[in-house]
Amino acid sequence: MDTTVPRETFDAAYEDATAGWVVGEPQPAIVALEREGYVHGSVLDAGCGTGEHTIHLARLGYDVLGIDFSERAVNLARRNAEQRGVRARFEVADALVLAGEPRYDTVVDSALFHVFGPEDGRRYAAALHRVCRPGALVHVLALARTGEPGFGPRISSGAIREAFTDGWVVEDLGTSVYRAVAHGDHATELGVAPGAAVDLPAWLARVRRV
């Protein structure tokens, strides 16, 4: 991504029910991270969307807050949590300007970082540094720019390394998959039925605050 995706893009996708990132379940990669012990303490779900990861982690007993700049997304997340009988916390907040006392031990970023251009990627990393405790882990699941078919704002692995520099150590960065729903032209291009779930190439990074 050379520039940040315009914010109105997201509310329009929620309004039109064409948000490819709304899959009705947490990402398998994030579920696996928790099972493997990489989620601990106070958790921030940055760019929580409709709340799947916040709800999943709250159900497991974590102290987790989901944030999104889209008020519509947060309202949908709250409704989803209520329908599932899970007490989960959500707030409307801009992940680029987070501030306050460091309080998070884990950050889950599923499909947020990849919407940022280089400058905003660095702003985001700096904002997370302000609100994370020393030793905190940030998990970034982002669509990967590869030669494989896909859609959405795809990035190189270098974009993650370049953003998380000062005050961070990239402990692991490898390939993964991001589950999405293909709508319209995206479904046609991938040769699947409209509304079909697809697994897209992704990066999964583990970054530690120092």
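Going letter by letter, the sequence shown gives residues 1 to 210 in UniProt numbering. All residues carry an ideal CB built from backbone N, CA and C; glycine is no exception.
DSSP three-state call for residue i: helix, strand or coil?
{"i": "Thr-50", "result": "coil"}
{"i": "Phe-151", "result": "coil"}
{"i": "Val-22", "result": "coil"}
{"i": "Asp-11", "result": "helix"}
Bridge partners of residue i, per DSSP?
{"i": "Leu-143", "result": "Ala-202"}
{"i": "Arg-209", "result": "Trp-168"}
{"i": "Val-181", "result": "Ala-197"}
{"i": "His-173", "result": "As written in the sequence, residue 173 is Leu, which differs from the His given in the question. Paired residues: Ala-205."}
{"i": "Asp-138", "result": "The amino acid at residue 138 is misidentified as Asp; the sequence shows Val. For Val-138, which the question treats as bridged, DSSP gives the partners Val-107, Val-207."}
{"i": "Leu-98", "result": "DSSP lists no partner for Leu-98."}
{"i": "Ser-42", "result": "Asp-63"}
Quick one: is the Cβ of residue i within less than 6 Å of any heavy atom of the ligand FMN?
{"i": "Arg-72", "result": "This structure lacks the ligand FMN, and indeed carries no ligand of any kind."}
Ordered along the chain, which non-local residues of its own chain (more than five positions away) have a Cβ less than 8 Å from that of residue i?
{"i": "Asp-63", "result": "Gly-41, Ser-42, Val-43"}
{"i": "Glu-15", "result": "Arg-72"}
{"i": "Arg-89", "result": "Thr-54, Ala-58, Val-64, Leu-65, Gly-66"}
{"i": "Ile-30", "result": "His-53, His-56, Val-108, Ser-110, His-139, Leu-141"}
Measuring only the C-alpha atoms, how far is residue i from residue j?
{"i": "Leu-65", "j": "Phe-113", "result": "17 Å"}
{"i": "Ala-196", "j": "Arg-209", "result": "37 Å"}
{"i": "Pro-26", "j": "Asp-166", "result": "30 Å"}
{"i": "Glu-101", "j": "Asp-185", "result": "45 Å"}
{"i": "Glu-52", "j": "Glu-82", "result": "12 Å"}
{"i": "residue 253", "j": "Leu-76", "result": "No answer is possible for residue 253: it lies beyond the span of the chain, which begins at 1 and ends at 210."}
{"i": "Glu-36", "j": "Asp-2", "result": "34 Å"}
Using C-beta distances below 6 Å, list every residue in its chain close to residue i, excluding the 5 sequence neighbours before and after it, in chain order.
{"i": "Asp-199", "result": "Val-177, Arg-179"}
{"i": "Ala-163", "result": "Gly-121, Arg-122, Ala-125"}
{"i": "Phe-10", "result": "Ser-70"}
{"i": "Glu-91", "result": "Ile-67"}
The beta strand (DSSP E) spanning residue i covers which residue range?
{"i": "Tyr-104", "result": "104 to 110"}
{"i": "Val-64", "result": "63 to 68"}
{"i": "Phe-90", "result": "89 to 92"}
Taking the continuous alpha helix (DSSP H) assigned at residue i, which residues delimit it?
{"i": "Arg-84", "result": "First-last for Arg-84: undefined, no H or E at that position."}
{"i": "Gly-184", "result": "184 to 190"}
{"i": "Asp-2", "result": "Note, Asp-2: premise wrong, no alpha helix (DSSP H); not H, not E."}
Under 7 Å Cβ to Cβ from residue i, same chain only, skipping five residues before and after it: list those, please.
{"i": "Arg-59", "result": "Val-86"}
{"i": "Leu-190", "result": "Pro-149, Ala-182, Val-198"}
{"i": "Ala-193", "result": "Ala-187"}
{"i": "Thr-50", "result": "Val-22, Ala-73, Leu-76, Ala-77, Asn-80"}
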